[in-house]
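A.B. asks:
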Amino acid sequence: MATINSPKGTHDLIGDEALAYNYMIDICSEVASYYGYTPLATPIFEANELFARGVGDATDIVRKEMYIFEDKGKRIMALRPEGTAGVVRSVIANKLYATNDLPLRYFYSGPMFRYERPQLGRYRQFHQFGVESIGGATIYDDLEVILLAIHTLQALGFENITTKINSLSSGETRETYKAALKAYYKPHLPQMCADCQVRYEQNPLRMLDCKVESDMILAKSAPKISDFLTAKDEEDLTFVKEALLGFGIETEIDYSLVRGLDYYSGIIFEFAYIPSSKKDYGAIGGGGRYDKLVSMIGGPDLEGIGFAFGLERLYHILKEEGKLDHVKAQDDLMIISVGEEARNDAFALLTSLRTHGVRAIMNFTDKSFKSLFKIAEGRGAKYALILGADEVANENVTVRDLAAQTQVSIPYNEITKYMLDTLGFNHAHHHDGDCDCDHDHGADGHECKCRSRKDK
Ligand code: HAM
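Spelled out as structure tokens, the structure:
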């Protein structure tokens with residue numbers, strides 16, 4: 002029968018790669034928690050209208066890249082192309098803003114969907130980790146979010162990222178700038194691409210980001226936002242740049258940065274990193290302030306700011322740079338049972354070790370020692386615990402150190418404790434001594450070397 006391929010622009014996450022995604026999300030979530038962020042998970046599909054209104058009718062994302070479908074109840078739904086609109090929808094629907102504790106700070110991760118032409122670093126289903134800070138209108142809110150993004154990239158192992166910032170200003174200034182762009186583009190419009198014709202009407206800022214060569218040339222001579230920014234906008238940009246420098250972080254003010262979503266106003270930013278292979282995966286993340294998004298989708302007059310990283314891009318770069326080598330599936334040991342008569346005792350030992358947090362596998366059928374040792378080594382196991390007829394008769398286990406190629410015999414009733422001590426388990430599951438091992442827990446429970454808890 003013909004095989005069925007994964008849909009174009011998607012990819013399966015298998016084994017160590019899937020572990021790497023979990024690892025990256027763990028690091029991102031942990032750093033976000035240092036900044037007071039808590040998780041918020043929204044559905045991967047929403048009413049199509051949310052994105053049309055939120056992300057913007059004029060964006061490529063909404064016009065060309067959305068996965069839209071009608072459900073059985075005849076509702077027009079869309080797979081989310083990004084996370085911000087959903088978080089804002091949730092904040093409004095759940096009245097999360099009705100608190101004195103603003104800004105609200107949330108992080109999220111998961112798959113996003115854009116019908117784009119697949120290429121290096123660009124997929125139709127990709128994953129983001131993002132944060133939104135909603136309800137704060139000070140420049141410290143901007144600074145905090147940008148710092149969080151950079152701190153996270155550093156925690157993941159990135160050095161020397163390029164950070165670009167710009168301001169899209171707000172309100173009247175933006176309207177004046179848009180009018181200036183329209184005046185500039187008007188005589189050229191008949192020669193411009195069909196998309197730009199639409200952008201001209203809906204959001205001329207997007208014309209600056211057109212990828213059609215002749216339109217790109219026109220964009221070069223277009224009026225610059227820098228000529229329209231207010232003194233306050235410039236002051237904010239300088240404040241952010243200087244403050245980041247104070248923390249040892251270089252940024253570049255790039256007045257041509259516009260970003261691909263319509264909801265931005267005020268400070269926007271983007272991160273890039275070119276690995277030593279010089280492969281350009283595109284921006285690894287970006288974000289900015291949005292002052293009208295909350296009210297535009299039916300909420301109160303609150304501003305927000307956030308960013309998202311593209312996990313595929315982070316993964317490829319970190320992988321290339323060897324920063325994910327330590328993230329791999331690894332067993333602590335393998336139990337090798339020889340003959341059916343050893344199987345039961347071996348399985349009991351396997352279960353006992355696993356309940357103590359040891360990563361262990363075992364063979365359920367007989368194979369040659371050579372092939373079993375090979376499996377154990379392939380899985381990174383340091384020890385093989387061998388149980389054959391002799392061991393069962395004498396109630397002991399042969400413990401083989403696979404690297405040193407030495408072995409010792411340990412009685413059944415001591416083997417779990419022996420292995421925990423040998424493997425050097427410490428309080429990986431930091432606990433208070435409420436476990437069922439017989440180790441010395443010390444006054445605060447921190448001396449226990451086992452990883453089990455009674456309540457697990
Ligand atoms: P964005 O720039 O559209 O922003 O996406 C953020 C990141 O997602 C990009 O920098 C890139 O790394 C990754 N990304 C985007 N599209 C793809 C794709 N097709 N394949 C692989 N990776 C991709 C947003 O989505 C905003 N919601 C960010 C934000 C949050 N702004 C404020 N709050």
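For the sequence shown, this note's numbering assigns the number 2 to the initial residue and increments by one for each residue that follows. In this text, a Cβ means the ideal position worked out from N, Cα and C, and glycines have one as well.
1. Which of the three DSSP states is assigned to P112 in this structure?
2. Should N95 be labelled buried (16 or more other beta-carbon atoms within 10 Å of its own) or exposed?
3. At a threshold of 7 Å, does T85 count as lining the ligand HAM (C-beta to nearest heavy atom)?
4. For K293 and R207, I'd like the C-alpha separation in whole angstroms.
5. Judging by CA-CA distance, which residue of G307, L80, R344 is the nearest neighbour of D391?
6. Helix, strand or coil for E133 per DSSP?
7. Take L479 as the anchor and find which of A48, G137, L190, G131 has the nearest alpha-carbon.
8. Based on the DSSP output, what are the partners of M420 in its beta bridges?
9. Rounded to a whole number of angstroms, what is the C-alpha to C-alpha distance between F426 and T417?
10. Compare the C-alpha of Y36 against each of I93, A48, V89, H152 and name the closest.
11. Starting from the Cα of I254, find the closest Cα among L262, I268, A48, F248 and give me that residue.
12. Can F108 and Y38 be called in contact, C-beta distance under 8 Å?
13. State yes or no: is the C-beta of A394 within less than 8 Å of the C-beta of A385?
14. Using the DSSP secondary-structure output, state which residues sit across from A79 in a beta bridge.
15. List the endpoints of the continuous beta strand (DSSP E) containing M335.
16. With H, G and I counted as helix, E and B as strand and the rest as coil, what does DSSP make of L319?
17. With D27 as the anchor, note down where its beta strand (DSSP E) starts and where it stops.
18. Tell me the residue span of the beta strand (DSSP E) that contains F270.
19. Under 7 Å: does the beta carbon of A59 sit that close to some heavy atom of the ligand HAM?
20. Measure the alpha-carbon distance for G283 versus S277 and round it to whole angstroms.
21. Looking only at C-alpha atoms, which of A86, S7, G57, P40 sits nearest to F46?
22. For E396, which residues of its own chain have a beta-carbon under 7 Å away from its beta-carbon, when the five flanking residues on both sides are left out?
23. Just curious, the beta strand (DSSP E) that M297 is in, first and last residue?
24. Let's see if you can read the secondary structure: which residues bound the alpha helix (DSSP H) around Y186?
25. Check this for me: beta carbons of G286 and G311, under 8 Å apart or not?
26. Could you tell me how far apart the beta carbons of M363 and F374 are, in whole angstroms, since I believe they sit closer than 8 Å?
C.D. replies: Here's the rundown:
1. Three-state DSSP puts P112 in a strand.
2. It counts as exposed.
3. Checking every heavy atom of the ligand HAM against the Cβ of T85, one is found closer than 7 Å.
4. When rounded, the distance between both Cα atoms is 17 Å.
5. Ranking G307, L80, R344 by Cα distance to D391 puts R344 first.
6. Reduced to three states, the DSSP call for E133 is strand.
7. Shown here, the chain extends from 2 to 457; a query on residue 479 therefore has no answer.
8. The partner list for M420 (beta bridge, DSSP) is empty, contrary to what the question assumes.
9. Here the alpha carbon of F426 sits roughly 12 Å from the alpha carbon of T417.
10. Closest option to Y36, Cα to Cα, is H152.
11. It is I268 whose Cα lies nearest to the Cα of I254.
12. Yes; because the gap between Cβ atoms is below 8 Å, this pair is in contact.
13. Taking 8 Å as the cut-off, the Cβ atoms of A394 and A385 do not count as close.
14. E47, I69.
15. It spans 334 to 338 - the beta strand (DSSP E) in which M335 sits, taken as one unbroken run.
16. Helix.
17. It is not in any beta strand (DSSP E) - D27 instead sits in the alpha helix (DSSP H) that spans 17 to 35.
18. Annotation for F270: the continuous beta strand (DSSP E) segment containing it runs 268 to 273.
19. No - the ligand HAM has no heavy atom lying nearer than 7 Å to the Cβ of A59.
20. Answer to the nearest angstrom: the Cα atoms are 14 Å apart.
21. It is A86.
22. P412, Y413.
23. In this chain, M297 is not harboured by any beta strand (DSSP E); it is covered by the alpha helix (DSSP H) spanning 294 to 297.
24. Membership of Y186 in the alpha helix (DSSP H) is indicated by the continuous run 172 to 186.
25. In contact: G286 and G311 (Cβ atoms closer than 8 Å).
26. At roughly 14 Å, the Cβ-Cβ gap does not stay under 8 Å, so M363 and F374 are not in contact.
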